[in-house]
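Each remark here refers to the structure printed beneath this line.
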Amino acid sequence: MADSVCVFCGSSPGSDPVYLEAAADVGRSIAARGWRLVYGGGQRGCMGEVSSAALKSGGRVLGVMPKVMLAKARGHAVENDPAGTSNEGTGARTLQASSEDADRLESIAVDSMHERKQIMADQSGLGFIGLPGGFGTFEEVLEMTTWSQLGVHRKPMILLNINGFFTPLKALIDQAVSAGFISASNTSLITFVEADSDWGKHVVEAVEREGQQISSTSGYWDWNTTDQKNSTTAPAP
């Protein structure tokens, strides 16, 4: 959807309270902008925090969860829970969805991790925001960036560099550029946002700014046509 933005983040809370604080601020800012939040459907950690904050601020939320991660809640079936019930993540449940939120909270259950990412990407017309997380977050961030590079879509990837969390990734990208594996021009596919406060404001502004810029350029291939000529020359990395 054109007014939706996807947030990739950890299903755990992290070791510093600032991670949950930032996730909540991002959720509030997304709702305040009138955007719909698309996320991985978890109820714990940063996932639960960003979605809970968006709902409490009157926002709309779509959670996309693999069926294997769903669990039957005590006393009622999953389909009667407006948030679904996910076993994903650690720590206390941070998503507290009330019955009043049910009409603004949608859940989609999918068969695979790939289908999860595909739907999240398809539903997020504005682009992607990355908050601190683990292997799953890393994989989602880099795959969506790769899709922009290839032209599967052209959407911004905004990483909130809280506590320097993504600084090593930035260094790795710079190293790949130096080594000739990533084109210097493609470093613009990821935007690192440095902020000590007002995290949501900064990332929302970055989504709008970078979205306009990336949509004016094209990726390596046009995936909307099957009439592609074979080429013996690979595009720049």
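Position 86 (the sequence shown) corresponds to 86 in the UniProt record's numbering; numbering is contiguous. For every residue, glycine included, the Cβ atom is placed at its ideal position computed from N, Cα and C. A quick note: this is a predicted structure, and the numbers were derived from the prediction, not measured.
What three-state label does DSSP hand L160 in the structure shown? Here residue 160 refers to the residue found at position 160 when the sequence shown is read from its first residue. Looking at L160 - three-state DSSP - the assignment turns out to be strand.
For P132, name the three-state secondary structure that DSSP assigns. The count along the sequence shown starts at 1 and reaches residue 132 at position 132. Coil at P132, not helix or strand.
Measure how close the beta-carbons of Q149 and L189 come, nearest whole angstrom, since I'm counting them as under 8 Å. Start at 1 with the first residue of the sequence shown, and residue 149 comes out as number 149. Start at 1 with the first residue of the sequence shown, and residue 189 comes out as number 189. That pair is a contact at about 6 Å.
Are three or more beta carbon pairs between the stretch 161-172 and the stretch 37-46 nearer than 8 Å? no
Three-state secondary structure (DSSP) at residue 239? No information on residue 239 is available, as it lies outside the stretch 1 to 237 that the chain covers here.
Please go through the same chain and pick out, in chain order, the residues whose beta-carbon is closer than 6 Å to the beta-carbon of K170, but skip the five residues on each side of it. For the purposes of this step, residue 170 is taken as the residue at position 170 of the sequence shown. Same-chain partners within the cutoff: F192.
On the criterion of 16 or more Cβ atoms from any shown chain inside 10 Å, does A179 qualify as buried, or is it exposed? Position 179 of the sequence shown, counted from the first residue, corresponds to residue 179. That one is exposed.
Taking contact to mean at least 3 C-beta pairs separated by less than 8 Å, is the stretch 14-33 in contact with the stretch 120-133? yes
Three-state secondary structure assigned by DSSP to G45: Counting from 1 along the sequence shown, the entry for residue 45 is found at position 45. Note: G45 maps to helix in three-state DSSP.
Do G127 and P168 count as a contact pair if the criterion is CB distance below 8 Å? Counting from one through the sequence shown, the residue named residue 168 turns up at place 168. Counting from one through the sequence shown, the residue named residue 127 turns up at place 127. No, the Cβ-Cβ distance between P168 and G127 is not below 8 Å.
Roughly how many angstroms lie between the CA atoms of E49 and C9, to the nearest whole one? For the purposes of this step, residue 49 is identified with residue 49 of the sequence shown, where counting begins at 1. For the purposes of this step, residue 9 is identified with residue 9 of the sequence shown, where counting begins at 1. E49 and C9: Cα-Cα distance of roughly 10 Å.
Tell me, please, which residues DSSP counts as bridged to I190. Against the sequence shown, residue 190 aligns to sequence position 190. According to DSSP, I190 bridges with M157.
Excluding five sequence neighbours on each side, which residues of the same chain lie with their C-beta closer than 7 Å to the C-beta of M1? Taking the sequence shown and counting its residues from 1, one reaches residue 1 at position 1. The residues are R36, Q123, G125.
Rounded straight-line distance, which links the Cα of M69 to that of I173: Here residue 173 refers to the residue found at position 173 when the sequence shown is read from its first residue. Here residue 69 refers to the residue found at position 69 when the sequence shown is read from its first residue. Cα to Cα, the separation comes out at about 32 Å.
Have a look at R154 and D103 and give me their C-alpha separation to the nearest angstrom. If you number the sequence shown from 1, residue 154 lands on position 154. If you number the sequence shown from 1, residue 103 lands on position 103. Approximately 30 Å, taken between the alpha carbons.
Residues in the same chain with beta-carbon distance under 6 Å from V38, minus the five sequence neighbours each way, listed in chain order, please. Taking the sequence shown and counting its residues from 1, one reaches residue 38 at position 38. For V38, where only same-chain residues beyond five positions count, the Cβ hits under 6 Å are S4, C6, L62, M120, Q123, S124.
Based on the DSSP output, what are the partners of E139 in its beta bridges? One-based indexing of the sequence shown puts residue 139 at position 139. Note: E139 sits in no beta bridge, so no partner.
So, at 8 Å on beta carbons, what are the nonlocal neighbours of D111 in its own chain, with the 5 sequence-adjacent residues on each side left out? Sequence index remark: in the sequence shown, residue 111 carries index 111 (1-based). Closer than 8 Å at Cβ, skipping near neighbours: P66, K67.
How would you call G59, buried or exposed, if buried means at least 16 neighbouring beta carbons within 10 angstroms? Taking the sequence shown and counting its residues from 1, the one referred to as residue 59 is at position 59. Buried, because 16 or more other Cβ atoms sit within 10 Å of the Cβ of G59.
Quick one: what's got a C-beta closer than 7 Å to T187's C-beta in the same chain, skipping five residues either side? Position 187 of the sequence shown, counted from the start, is the residue given in the question as residue 187. So the list reads I173, V177, once near-sequence residues are dropped.
Shortest alpha-carbon distance to W147 belongs to which of F166, Q118, E21, G136? Position 147 of the sequence shown, counted from the start, is the residue given in the question as residue 147. Nearest option by C-alpha distance: Q118.
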